[in-house]
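Remarks on the structure that follows.
There are 2 protein chains.
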Amino acid sequence: MNARPESYRWVPQFDHVTPSDASTLAAGFRAAGVAGGIKADGSMDVAILVADAPETVSAARFTRSAVLAAPVQVTKERAKLDTLRAVVANSGNANAATGNRGLDEAARMQGAASMVAGVPVEGVAVASTGVIGVQLDGNKVVQALVGARAELRPDGVADFTAAISTTDAFPKTVGFDVELTGGTVRITAQAKGAGMIRPGFATMLCFVQTDAKLSAETADLLLGVCVKRSFDRISVDGQLSTNDTAILMASGASGVEVAPESEDELRFGEALDAALRTLALDMVADGEGATRIGRVVVNGADLAEAEHVAREVANSPLVKTALFGQDPNWGRIAQAVGAALPGRHPLAFGIDIEGVAVARGGQGISFDEHALIEAVGGDQVEYAITLPVPDGALPAEAEVFFSDFGYEYVRINAEYTT
Amino acid sequence: MNARPESYRWVPQFDHVTPSDASTLAAGFRAAGVAGGIKADGSMDVAILVADAPETVSAARFTRSAVLAAPVQVTKERAKLDTLRAVVANSGNANAATGNRGLDEAARMQGAASMVAGVPVEGVAVASTGVIGVQLDGNKVVQALVGARAELRPDGVADFTAAISTTDAFPKTVGFDVELTGGTVRITAQAKGAGMIRPGFATMLCFVQTDAKLSAETADLLLGVCVKRSFDRISVDGQLSTNDTAILMASGASGVEVAPESEDELRFGEALDAALRTLALDMVADGEGATRIGRVVVNGADLAEAEHVAREVANSPLVKTALFGQDPNWGRIAQAVGAALPGRHPLAFGIDIEGVAVARGGQGISFDEHALIEAVGGDQVEYAITLPVPDGALPAEAEVFFSDFGYEYVRINAEYTT
Chain A
424 MNARPESYRW VPQFDHVTPS DASTLAAGFR AAGVAGGIKA DGSMDVAILV
474 ADAPETVSAA RFTRSAVLAA PVQVTKERAK LDTLRAVVAN SGNANAATGN
524 RGLDEAARMQ GAASMVAGVP VEGVAVASTG VIGVQLDGNK VVQALVGARA
574 ELRPDGVADF TAAISTTDAF PKTVGFDVEL TGGTVRITAQ AKGAGMIRPG
624 FATMLCFVQT DAKLSAETAD LLLGVCVKRS FDRISVDGQL STNDTAILMA
674 SGASGVEVAP ESEDELRFGE ALDAALRTLA LDMVADGEGA TRIGRVVVNG
724 ADLAEAEHVA REVANSPLVK TALFGQDPNW GRIAQAVGAA LPGRHPLAFG
774 IDIEGVAVAR GGQGISFDEH ALIEAVGGDQ VEYAITLPVP DGALPAEAEV
824 FFSDFGYEYV RINAEYTT
Chain B
424 MNARPESYRW VPQFDHVTPS DASTLAAGFR AAGVAGGIKA DGSMDVAILV
474 ADAPETVSAA RFTRSAVLAA PVQVTKERAK LDTLRAVVAN SGNANAATGN
524 RGLDEAARMQ GAASMVAGVP VEGVAVASTG VIGVQLDGNK VVQALVGARA
574 ELRPDGVADF TAAISTTDAF PKTVGFDVEL TGGTVRITAQ AKGAGMIRPG
624 FATMLCFVQT DAKLSAETAD LLLGVCVKRS FDRISVDGQL STNDTAILMA
674 SGASGVEVAP ESEDELRFGE ALDAALRTLA LDMVADGEGA TRIGRVVVNG
724 ADLAEAEHVA REVANSPLVK TALFGQDPNW GRIAQAVGAA LPGRHPLAFG
774 IDIEGVAVAR GGQGISFDEH ALIEAVGGDQ VEYAITLPVP DGALPAEAEV
824 FFSDFGYEYV RINAEYTT
């Protein structure tokens, strides 16, 4: 898809959450994006985000890959993740599998951003995205940062987002006004996605700002929960990246507090959830060559099994090509379910596609095929799978969002260069 | 690939194993294939294989999917797997996720084949391949079998193979003469492959005949070992089928015995291994839309990890599209290795592509990129990955063969119909 759909059916709406201008950051933040010469085409590739208030708190989540990119290592090891005040990011080079020199370059980025932002080094997170295994020229980033200092501004979202993007077809930003008991706060967020998105944490960068006043513990709790329901639930090509990073920063500039275990925490959490799910679905919609989004939701079994089945179905190239081909071939779903649970025959699974029951008790049932072919031609398609619940277990539910596989996926990935 | 390559670099050659006419079965077997009207295009779709000697022994392996097709259930539950005398198979319909009616139809096939072959019902294995979730018309199979009786003959391999094929682009058969101390024996085998091939057991049918005299225990042992080194080691699209079946039958017609733990057992095993690896590589070569075969071999780690890493690399759509694009992008391999071992940073992996070292100690090293691009343009490409060996563990080795992902894969699977 070359643009965000008008809406996502899987993002809940709340009366207390209102879309607002996404091009201006929540109060207390400034951002910029500049061209540093890392991308060959000369487009923007160095981004910086700064929180002005010293009392800003933060939380972060990273990829679980065993091959951690240098910026992820540097951020995890040399930054204080609960008091981040700045983010420096580049696109065009992942600075991954680059050894000690890569670590040095990431540290140099961190140091330069510290000076530009006027915050301590340990308050700077570093992120990179792009080709793996090529040394990053940190001098280019440093020089670009010097120029970016004058560009930092509250409405720098468009440049910032452009500078963290790679093959993204459209910018991924959200802005929400959230009504809390003490007043209205804002949430703004920017992401990049597209290639190499998998369940298990998307290959993605996502930066979230709010002017609400949160404790670091609350920020960490809410980010963790919302990441699990968003970036951890998407699949473009079943891959896990070396560079995944999600960072939430709260400036407190609104003066409105979100107290732990309060009604406001719930309301703020719902808004953060909507923001992150929107951006996660943006990543799926912008999956390389994607034309449709599917959601598989598994009910029954236990949680681990339900998740595993959902991921296997979402990652199945046969299911993905069927989604692309507008083909309600439920046999491919049955096959993926069976493959996910080796040795568990007989399995009394059920399958519904767009609300149409196509299989019950482990076998196909009759349905209106023509109507179903119509139904799976939309841009958002729902697959529901039921599994038996083990004795004594509570029924689990697990969802994964996925893009289809089409010719464009092959073209982009076969021609993407070393 | 539309034909078998001249040779496979990964199938070892032995002085005591000589290719021989694959179109005639090993002594003691007859086969036939006929058109039963299951495939819409009227081509052959019902196959039968008969061993004439009552003393024939056998062994079998099946898919581990939790969604077992009816023929697999019937064969596992109602046949004696060590004394099979006949196989009946159909293509065009998998008879999977078809419930009790599907079981009845598979049992009907078994019964009819028993009469046609003149062997007890429990001596008949049933196999099906094709679309999942559609009821099979067993009457068609029964009627076709009546006609097939007169067609059974030692050189019926071509018809038999045609009748078990679906999207296969070329027939997959082998014939070997094997010199043992007591004389020469033959091994013949037929397979169907193509779609839905995964490591963890290929979605495939494979039937092997030999005129050697084996005990049932030896047949089971050798089939198990050779399946693990062949069909269990291939990936087209990471999928596991509902219908996978591999059956070895030994007629003893040559009078040459293969004694347990003898030199002859080793020699016979080497020949069986070459036969099954050839057919497994045929399946990869004939993977939907495949243009190249890759082999990933992981050295180091422990066996479970080495296997897991090999499968993740082989199943990665990014690696598969890079193979299609003749792109020596080792970063995608590094990424797949990292994703396979979450939380295991730092990981001092090494990568060689076609013998060219491209990464050592977890980072890229310089290499002749132009030469490597040439090297990855062949029809068989080798990727070697090294991982650190845990303290006290023996270094493991695991291999997986995989096909590339190209436009044809998408076309075939998006347009393959319900």
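Protein chains in written order, with our numbering: chain A, 424 to 841; chain B, 424 to 841. Ideal Cβ placement from N, Cα and C applies to all residues, glycine included. For clarity, every value in this text was computed on a predicted model and none was experimentally measured.
| Check | Outcome |
| --- | --- |
| So for glutamine 758 of chain B, helix, strand or coil by DSSP? | helix |
| Comparing the C-beta of valine 490 of chain B with each C-beta of chain A, is any distance below 7 Å? | yes |
| Per DSSP, what are the beta-bridge partners of glutamate 822 of chain B in this structure? | B/Val720 |
| Since valine 554 of chain A meets chain B, which of its residues come closer than 7 Å, beta carbon to beta carbon? | Gly754 |
| Please tell me whether alanine 474 of chain A has its Cβ less than 7 Å away from any Cβ of chain B. | no |
| Under a CB-based cut-off of 7 Å, is glutamine 803 of chain B close to chain A? | no |
| Using CA atoms only, rank isn't needed, just tell me which of B/Gly598, B/Val720, B/Ser677, B/Gly829 is closest to proline 740 of chain B. | B/Gly829 |
| Taking DSSP's pairing of strands, which residues face isoleucine 774 of chain B in a bridge? | B/Ala782, B/Ile808 |
| Whole angstroms are fine: how far does the CA of alanine 454 of chain B sit from the CA of leucine 637 of chain B? | 21 Å |
| If you draw a straight line from the alpha carbon of isoleucine 461 of chain B to that of tryptophan 753 of chain A, how long is it in whole angstroms? | 20 Å |
| Whose C-beta lies closer than 6 Å to the C-beta of phenylalanine 437 of chain A among residues of the same chain, with five residues either side of it excluded? | Glu693 |
| Is serine 551 of chain B closer than 7 Å to alanine 408 of chain B when the C-beta atoms are compared? | Any property of residue 408 of chain B remains undetermined from this structure, which presents chain B solely from 424 to 841. |
| Tell me which residues share the same chain as glutamate 545 of chain B and place their Cβ nearer than 7 Å to its Cβ, disregarding the 5 neighbours each side in the sequence. | Arg501, Ala502, Lys503 |
| Quick one: what does DSSP say alanine 553 of chain A is sitting in, helix, strand or coil? | Reading off the sequence shown, one finds glycine at residue 553 of chain A, where the question assumed alanine. Three-state result, glycine 553 of chain A: coil. |
| On the criterion of 16 or more Cβ atoms from any shown chain inside 10 Å, does asparagine 392 of chain B qualify as buried, or is it exposed? | For chain B, the structure presents residues 424 to 841; residue 392 of chain B sits outside this window and is missing. |
| With 7 Å as the threshold, decide whether the Cβ of tyrosine 830 of chain A is near any Cβ in chain B. | yes |
| Closest by CA to arginine 652 of chain B, which one among B/Gln496, B/Leu568, B/Thr701, B/Ala530? | B/Thr701 |
| Between arginine 484 of chain A and chain B, is there a C-beta pair that is closer than 7 Å? | no |
| Expressed to the nearest angstrom, what Euclidean distance is found between the alpha-carbon atoms of threonine 506 of chain A and serine 664 of chain B? | 50 Å |
| Would you check if the segment 704–712 of chain A and the segment 668–683 of chain A touch, i.e. whether three or more CB-CB distances between them fall below 8 Å? | no |
| Consider the Cβ of glycine 766 of chain B: report whether some Cβ of chain A lies at a distance smaller than 7 Å. | yes |
| Can you check whether the C-beta of glycine 761 of chain B is within less than 7 Å of a C-beta belonging to chain A? | yes |
| Any idea what DSSP makes of glutamate 602 of chain A, helix, strand or coil? | strand |
| Taking Cβ-Cβ distances shorter than 7 Å, what residues in chain A pair up with serine 664 of chain B? | Gln758 |
| Is the segment 761–768 of chain B touching the segment 483–490 of chain A, taking contact as three or more C-beta pairs under 8 Å? | yes |
| Below 9 Å between beta carbons is the criterion; list the residues of the segment 509–541 of chain B that meet it against any residue of chain A, in chain order. | Ala517, Ala519, Ala520, Thr521, Gly522, Asn523, Arg524, Gly525 |
| Rounding to the nearest angstrom, what Cα-Cα distance links threonine 841 of chain B and arginine 755 of chain B in this structure? | Residue confidence for threonine 841 of chain B is low, a pLDDT of 40 falling below 50, so the modelled location carries little weight; the figure read from the coordinates is stated next. Straight-line Cα distance between these residues: approximately 34 Å. |
| Aspartate 687 of chain B to valine 823 of chain B, Cα distance in whole Å? | 28 Å |
| Helix, strand or coil for isoleucine 610 of chain A, going by three-state DSSP, please let me know. | strand |
| Measuring alpha carbon to alpha carbon, tell me which of B/Ile657, B/Arg572, B/Val736 ends up nearest leucine 699 of chain B. | B/Ile657 |
| Report the option in B/Ile716, B/Ala536, B/Val511, B/Val557 whose CA atom is closest to the CA atom of glycine 525 of chain B. | B/Val557 |
| Using 7 Å as the limit for Cβ to Cβ distance, is arginine 487 of chain B near chain A? | yes |
| If I follow the unbroken alpha helix (DSSP H) through proline 494 of chain B, where does it start and stop? | 493–501 |
| In chain B, which residues lie less than 7 Å from leucine 770 of chain A when you measure between Cβ atoms? | Ala489, Val490 |
| Taking just the CA atoms, how far does leucine 704 of chain A sit from glutamate 478 of chain A? | 32 Å |
| Since glycine 800 of chain A meets chain B, which of its residues come closer than 9 Å, beta carbon to beta carbon? | Result: empty, since nearest Cβ-Cβ is about 13 Å, beyond 9 Å. |
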